[in-house]
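Written below as structure tokens is the structure these notes are about.
In the working numbering, the protein residues as written are -15 to 74.
This is how it looks when you write it as structure tokens:
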């Protein structure tokens, strides 16, 4: 199941190396302001959907996608985030 998240990271890294014209993923990876705006928008939508108990899964998926793109655009490696989370185990 987590392979899907790995695939998104791989997609982001491949698109950074080999951009695809007209790709939404590439737009996010090229424009940090857009990536930031989208992650904030998607988090708001997720919170709203949880509170209203509607469309939660769709909105959560949007948050994961946009967060991965934002991290990649910002030079934050998901592997380092996972290492940080692992180091917090008690």
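All residues carry an ideal CB built from backbone N, CA and C; glycine is no exception.
Contact between residue 29 and residue 43 holds: their C-beta atoms lie close to 5 Å from each other, under 8 Å. Distance check between residue -6 and each of 17, 56, 72 and 20 places 56 closest, using alpha-carbon atoms only. Relative to the Cα of residue 23, the nearest Cα in the group 36, 12 and 7 belongs to 12.
Secondary structure of residue 15 (DSSP, three-state): coil.
When only Cα atoms are considered, residue 46 and residue 26 end up about 6 Å apart.
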